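This report concerns only the one structure given below.
Protein chains: 2
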Amino acid sequence: MQKFSKLLCNTLKEVPNDAVIPSHQLMLRSGLVQKSGSGLYNLLPLGLRVIQKVENIIREELNKVGCQEINMSVVTPSELWKESFRWDELGDLMLKFTDRSGRESCVSPTNEEAVVDLFRKQVNSYKSLPLTLYQINTKFRDEIRPRFGLMRCREFVMKDAYSFHENKLCLDKTYDQIHSAYESIFKKMGLDFMVVEADAGAMGGSDSKTHEFQVIANSGEDEVVISKEANYAANIEKAMTQRQPLDFDESLDNLTEVSTPNQKTMEELSVFLNKPLHHLLKSLIYISVKGEKRDLVQVVLLGDDNLNEIKLKNHLSVDEIYPATDSELEKSGLVKGFIGPKGTPIKCFVDKSVSATSAYVVGANKQGCHFLNFIPDRDGKMSPVDLRLAKEGDLVNGATVSIKRGIEVGHIFQLGDKYTKLMSATILNSEGKSVAPLMGCYGIGVGRTAAAAIEQSHDEKGIIWPKAIAPYHISIIIAAKNNPEINQLAEDIATECEALGLECIIDDRDVGIGFKFNDYELIGFPSAIVLGKKWINDKEIEVKMRRSGETLTLTRDTISDRLLELIK
Amino acid sequence: MQKFSKLLCNTLKEVPNDAVIPSHQLMLRSGLVQKSGSGLYNLLPLGLRVIQKVENIIREELNKVGCQEINMSVVTPSELWKESFRWDELGDLMLKFTDRSGRESCVSPTNEEAVVDLFRKQVNSYKSLPLTLYQINTKFRDEIRPRFGLMRCREFVMKDAYSFHENKLCLDKTYDQIHSAYESIFKKMGLDFMVVEADAGAMGGSDSKTHEFQVIANSGEDEVVISKEANYAANIEKAMTQRQPLDFDESLDNLTEVSTPNQKTMEELSVFLNKPLHHLLKSLIYISVKGEKRDLVQVVLLGDDNLNEIKLKNHLSVDEIYPATDSELEKSGLVKGFIGPKGTPIKCFVDKSVSATSAYVVGANKQGCHFLNFIPDRDGKMSPVDLRLAKEGDLVNGATVSIKRGIEVGHIFQLGDKYTKLMSATILNSEGKSVAPLMGCYGIGVGRTAAAAIEQSHDEKGIIWPKAIAPYHISIIIAAKNNPEINQLAEDIATECEALGLECIIDDRDVGIGFKFNDYELIGFPSAIVLGKKWINDKEIEVKMRRSGETLTLTRDTISDRLLELIK
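These protein sequences, in sequence, are chains B and A.
To convert, note that position 219 of the first sequence is 574 in our numbering; the numbers rise steadily by one, no gaps.
To convert, note that position 399 of the second sequence is 754 in our numbering; the numbers rise steadily by one, no gaps.
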């Protein structure tokens, strides 16, 4: 048992200046972590206990499905990264340095290259496969704007796993096993999470799977499209939903120019022309970048839809896309606010939700003018592609979706043979042929998971820890001064509870009872035992449950067993 | 239980090229570690198991004496290191870099500064003291010549602890507690070690204690002076021993020049003049460096003694000393091979073992010449100081010492207020006065401890692990092909043994029995169970003990209990 008076833990009443989201504020306020530099954190004793519990749950579940724990050096030589071209690709995100012997290295931001190097030095036959290696180790990403405490810091602890396979069937099998192990991990931690389809980009090939594990929380940076009815969940970046059926304008009138002197936004235009937004088409101009090549691209969407940039980027198979700047528009002779698909010289894609045979309002590529009755099939030259961003109320397999915010705590990914090919890692397959093995990679942000647990489970008083990752389960609050009987009672109860696996901290600090209560609620231990007047007068013990807020009165002889039931 | 066929572990017959010492060779050959770059190592599954066991033993014992585990960021900002002047002092050993925002940081080589910063932000009263914080974390030292595998690598895992105190009494108490905890740690790991007095340098003040924990091994880089009789052990750098009583030349003849044309070494001179070495004095010229200042220093020792450079450096209180180069000697007008104390213009120190009133042969500061009958008190001007290096046969408290080689695996140190003063960390003491707290620091090299265990305990066949840190306790060798009864038996025995806390690995690989035996001996599991003919024919089970080399025959019903007794 731990005495609070001996613990390095100073709680704060004030919300620290630069902490915006609840988990960051509460981790600092409850003395779990301390900032040591920009995007750098020290884990204080209580914080480390949480992190170690998270790590141990991960270990346990991964070991169960045959993953093997290793530990790769945090510093990795540039040669490996150059084989995969990521030494340059990862750019400033990578913390590079030159050592005293002039060798270039980095503090690893991830370890695909290192693990492929490890693999190619150790394994040469399909007989050793499948092989899944994982580590729980320090990583560094030199984020431009580190923020949100452990949620987006520069130095962080990550569980990264990598699997190797002779063929896709084998990869799929391991992938599914780890998918299940991840579900067990987050379930064990007591988190409310979703597994969502994510965007695979061009990496693993068209049949490569990738899923994110998203903890549901209002402060989440990700949007997730879900339908329980359709058993569907996808990151909004990836979600392929349909719009609800729409009434389009089916008139076949001729294209007509109309003066719209000051109507530059869809909303202004809709009001001015008295037409619903989905009778208007929105034109966006993007710049696509591939290597040295830059191209203009035009995208046409229903007036009330938005572009999913990831879909556009994937469709174009380019390195990067970004909205054209005003000066780029001008240079290309485009008139901002009045751009349209009619006679456009730019390669133009139209979202599939746009009906090819219905009439729309579009920009006339002329200052102050739009066209009425633009019918794509008749008046334009556009390739239809799925480009829109999913939104609340869309349909998927006939069911309506809603959108929730999530925090990505895990990501699993079929990498295919990208890295093994680039790094010439081969094995002899069962037919005696030398092939590049397929890979999967599987990450969990350890500190981020702890932070996400707080985002999901807190109130205005503080954190509400799930039992599995609480720093201690019970705070035994001494609510009587210099009372040897109470002090002894606290130790006896603690000993009893610990024998049942309930970790206790005895709050024996020389501070007021209110202070102790506040700290119990702020730090968020699942329960508190109060030893004071009630015991002295009536031999009763007051117990508080943090999540429900309930107060119970228990008796001495049953207290530990009852607590075991109560703290789930 | 682990199946060997599923384990990433490829043993090597050949000794890898650059591995010189046994632990390095054996760790590579037995598939515990893999080199990932210069001074960088990946821990493979078996290696990580050993390391985690070492770490857990450390945790357990430190927690017992009230140390609190934390985890500080591996990357630390330059500002902290500049407060202690170590940003410059540590020089190239420190891996420095500038991040994308132009901030200077380093991959921490140690964490005194970081922990003082943590402390000053958290603690302000003597009431929170004593406080001992520790972490088990990655460190980086950019060694010029990384070597010996985990023994001297660049990236390494270290347990570093730091304690804070109001006064020396409190520091001493914690120091002694951690001293005891360290003894328990290394005892638990099954290591043969010595606790030796080490050199404190100028750091902690004259009454500051420091001890090293040295694992006894022939390949050790350190020399330790010990006498069981006198209950004495000290690093040779620190050892203050006396010479056995010597017969000196008590004649009082006049100083006489003698021609010694080619006699430049003590040995040559001793033969030429037919005098024992201790009737000759050796003069050494050193350069001492303090800041920008460089001075010549002359040191005079008995002809068969050697200088302890640490003693000289400490006596002079300088930053550095080194033997003068030939050109430095020449520049100062000194004649190499014939230097002596007579009329020397250089500040001259004589070792205390030299008798002030006896006659010696000394260099005449003249090509091809020595003096006979140099009597220090009569003919020289030298300050007597303890400067000699201890050697086998010396005396300490009347007892004879011997010298053993050791590997430093732990070091505990009273730092005093050096860092708290430099970094303005203060507390209010019990009298309400603001004071700089005293500190202790306590390190254990985690990987180095594992390597030292191998140095101490191996034979020509491989490693011999002590039980407490063996990757598994028992290798169950399947010595029959495709025999379902044997396979089942292996699993049954493994299940039984694991219930008793004995970890088993079933060697089910599709390789010859000889190969399996060799691997068992190479990796060094404490014992092996052989399941083959003996079982099939006689229902007997052969058990091998790695350390003793014994082979026993056990019966099915008692095997797990007997193994529990046998593996200690």
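Idealized CB from N, CA, C, for every residue including glycine.
Only a predicted model underlies this, so the values are computations on that prediction, with no experimental measurement involved.
N-terminal and C-terminal residue of the beta strand (DSSP E) that residue i is part of
i                      : result
residue 769 of chain A : 757-771
residue 805 of chain A : From DSSP, residue 805 of chain A is part of no beta strand (DSSP E) but of the alpha helix (DSSP H) over 801-811.
residue 884 of chain B : 882-886
residue 614 of chain A : 611-614
residue 826 of chain B : Premise fails: residue 826 of chain B is in no beta strand (DSSP E) and is neither H nor E.
residue 490 of chain A : 486-495
residue 443 of chain B : It is not in any beta strand (DSSP E) - residue 443 of chain B instead sits in the alpha helix (DSSP H) that spans 441-444.
Proximity test, Cβ basis, 8 angstroms: residue i and chain B
i                      : result
residue 877 of chain A : no
residue 477 of chain A : yes
residue 970 of chain A : As shown, chain A starts at 356 and ends at 923. That puts residue 970 of chain A outside it, with no answer to give.
residue 615 of chain A : no
residue 863 of chain A : no
residue 872 of chain A : no
residue 375 of chain A : no
residue 510 of chain A : yes
residue 850 of chain A : no
residue 462 of chain A : yes
Chain B contact residues for residue i, given Cβ-Cβ distances below 8 angstroms
i                      : result
residue 469 of chain A : 391, 397
Neighbour flag for residue i against chain A, beta carbons, 8 angstroms
i                      : result
residue 507 of chain B : no
residue 452 of chain B : yes
residue 361 of chain B : yes
residue 760 of chain B : no
residue 365 of chain B : yes
residue 767 of chain B : no
residue 866 of chain B : no
Where residue i sits in the DSSP three-state scheme
i                      : result
residue 902 of chain B : coil
residue 832 of chain A : strand
residue 678 of chain A : strand
residue 567 of chain A : strand
residue 908 of chain A : strand
residue 852 of chain B : helix
residue 837 of chain B : coil
residue 701 of chain A : coil
residue 744 of chain A : coil
residue 384 of chain B : helix
residue 642 of chain B : strand
residue 519 of chain A : strand
Residue range of the unbroken alpha helix (DSSP H) whose run includes residue i
i                      : result
residue 530 of chain B : 523-543
residue 417 of chain B : 400-419
residue 873 of chain B : 868-878
residue 914 of chain A : 914-921
residue 627 of chain B : 621-628
residue 669 of chain A : 664-671
Chain-ordered chain B contacts of residue i [CB-CB under 7 angstroms]
i                      : result
residue 371 of chain A : By Cβ distance, chain B contributes nothing, its closest Cβ being about 11 angstroms from residue 371 of chain A, past 7 angstroms.
residue 842 of chain A : None at all; the shortest Cβ gap to chain B is about 18 angstroms.
residue 458 of chain A : 393
residue 403 of chain A : 424, 425, 426
Contacts of residue i in chain B (Cβ-Cβ under 9 angstroms)
i                      : result
residue 400 of chain A : 423, 424, 425, 488
residue 473 of chain A : 363, 389, 391, 397, 399
Neighbouring residues, chain A, relative to residue i (Cβ below 9 angstroms)
i                      : result
residue 447 of chain B : 454, 455
residue 499 of chain B : 455, 456
Chain-ordered neighbours of residue i on chain A, where CB pairs are closer than 7 angstroms
i                      : result
residue 580 of chain B : Under the 7 angstroms cutoff, chain A gives no residues; its nearest Cβ is about 34 angstroms from residue 580 of chain B.
residue 935 of chain B : Absent from the structure is residue 935 of chain B, since the part of chain B shown begins at 356 and ends at 923.
Notebook entry, point to check: If contact means a Cβ-Cβ distance below 9 angstroms, which residues of the stretch 412-439 of chain B contact chain A?
Noted result: Hits within the stretch, in order: 421, 423, 424, 425, 426, 427, 428, 429, 430, 431, 432, 434, 435.
Next item on the list: With 9 angstroms as the C-beta to C-beta threshold (strictly closer), list the residues of the stretch 520-540 of chain A near chain B in chain order.
Entry: Here the close residues number zero.
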